[in-house]
Structures are given as structure tokens and as C-alpha cells.
Amino acid sequence: MYDSTICSIEDTNQIALKVSEKIREGTILLLNGDLGSGKTQFVRFLGNHLESVDTISSPTFLILNIYECKEKLKIYHFDFYRVKDVQELEDIGFFEILNDEEGLIVVEWAERYQEVFTKFKNRTIDIYFNFIKDNIDCREILVKGNL
Ligand SMILES: Nc1ncnc2c1ncn2[C@@H]1O[C@H](COP(=O)(O)OP(=O)(O)OP(=O)(O)O)[C@@H](O)[C@H]1O
Ligand SMILES: [Mg+2]
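Heads up: the sequence shown at position 14 corresponds to 375 in our numbering, and the numbers run straight through without jumps.
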């Protein structure tokens, strides 16, 4: 578990590296933070560290992108920003993916439906991204979980 860190974009990469070392099949990363706070950028760095063979992009309109990685791990990259209700999550197979405990599950805008994660706390890492007043070149990142 980290304290909050003020970080440039390169520091974000270092935090993504540390987090990537803790990931195993079934790990759930909940990314919380305002528009443009750096969630997708973090997943991009994470994908590099996990050797994704696919390009990481924002799944805002699709809700889910899936990337294959070397070492077999898959990344399920969700974005809840445009999800209308829990039924929509059900329809795209979200709960099956959660219950399968395979691959890495990453969720942007997780706070919009945080109740769906309560029974998976033991494999969840929460990451919070915040803007810093008067400094657009940095962010505050807080990681909470079993690191
Ligand atoms: N630590 C950082 N320091 C400075 N800029 C950063 C940092 N992390 C990300 N950024 C920049 O912030 C911008 C927005 O990032 P990103 O698209 O990842 O946000 P997001 O949280 O995914 O937004 P959305 O909620 O719209 O999905 C990008 O230009 C990115 O390079
Ligand atoms: Mg995003």
C-alpha cells in the first residue's frame, strides 16, 4: 500500500510498473478520478509492462476492450462512464469475467458502480487519480490495496 504520491507522467509509469508486479490472474484494479485525470494513461503504461500485444485505447464508447499479453494474461479494460445500469454490465458479460478469476480486470470510472465489487475486496486494488491545483503537468495518485 502506498501513500499518495505527486507525480509527473514518468512517475505514473513507475507506479504502473510497481502495480504490474503485483498482478495475478483475477486481480481487479479500480481506477477512480475525474475526466482527464490519467486513468487510461495509467492502463497504457500497465499494458506496456505486462507486454500487451494489442494497443491500449480508451473503451469509453465500447465499455470493454480486451488485450492479449505475452505470458498469457489477458487484460479486460472496462470504462463505466457511459454504462446506463447494472443490466448493461450483465449483458456484456461483466459478471462472468469477474467470477472467472482469470486475466486482469481494470475498470475506469469504477466509482459509478462500486457496489458490484464489494464481494471481491480480497483481490481488489483501488487507485485514485486527482488533479493538483495550478499544475496541469502532475497528478496525485493514491494506491490502496494489498501491495
Ligand atoms: N501524472 C501525470 N502528469 C501529467 N499529465 C498526465 C499524468 N497522467 C496522465 N496525464 C495526461 O492527462 C491526459 C488525460 O489522461 P487520460 O486520458 O488517461 O485520462 P482519463 O482519466 O482516462 O480520462 P477519462 O475519464 O476521460 O477516461 C493525457 O494527456 C495524459 O497524458
Ligand atoms: Mg479514460
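Built from N, CA and C at the ideal position, the CB exists for glycine as well.
All of these numbers come straight from a predicted model, not from anything done at the bench.
Local Cβ density within 10 Å of residue i, reported as buried at 16 or more and exposed below that
| i | result |
| --- | --- |
| threonine 416 | exposed |
| serine 369 | exposed |
| threonine 479 | exposed |
| phenylalanine 422 | exposed |
| arginine 443 | exposed |
| glycine 454 | exposed |
| leucine 378 | exposed |
| valine 380 | buried |
Residue i, DSSP secondary structure in three states
| i | result |
| --- | --- |
| phenylalanine 490 | strand |
| glycine 408 | helix |
| threonine 416 | coil |
Residue i CB to nearest heavy atom of ligand 4 below 7 angstroms
| i | result |
| --- | --- |
| aspartate 495 | No copy of ligand 4 occurs in the structure displayed; its ligands are ligand 1 and ligand 2 alone. |
Nearest candidate by alpha-carbon position, reference residue i, set the options
| i | options | result |
| --- | --- | --- |
| threonine 401 | Gly506, Val467, Asp461 | Val467 |
| histidine 438 | Asp461, Asp446, Arg405, Glu449 | Arg405 |
| Counting pairs of beta carbons, one from the segment 390-398 and one from the segment 420-438, are three or more of them closer than 8 angstroms? | Cβ pair count under 8 angstroms is below three, so no.
| Could you give the uninterrupted runs of the beta strand (DSSP E) lying entirely in the segment 419-496, keeping only those of 3 residues or more? | Unbroken beta strand (DSSP E) runs of no fewer than 3 residues, entirely contained in the segment 419-496, are found at 425-429, 435-440, 465-469, 485-493, following chain order.
| query | At what residue ranges does the segment 376-407 contain a whole run of the beta strand (DSSP E), taking only runs of 3 or more? | reply | You should have 389-394.
| query | If we count Cβ pairs, one from each stretch, closer than 8 angstroms, do we get three or more for the segment 488-505 versus the segment 430-441? | reply | Too few Cβ pairs lie closer than 8 angstroms, so no.
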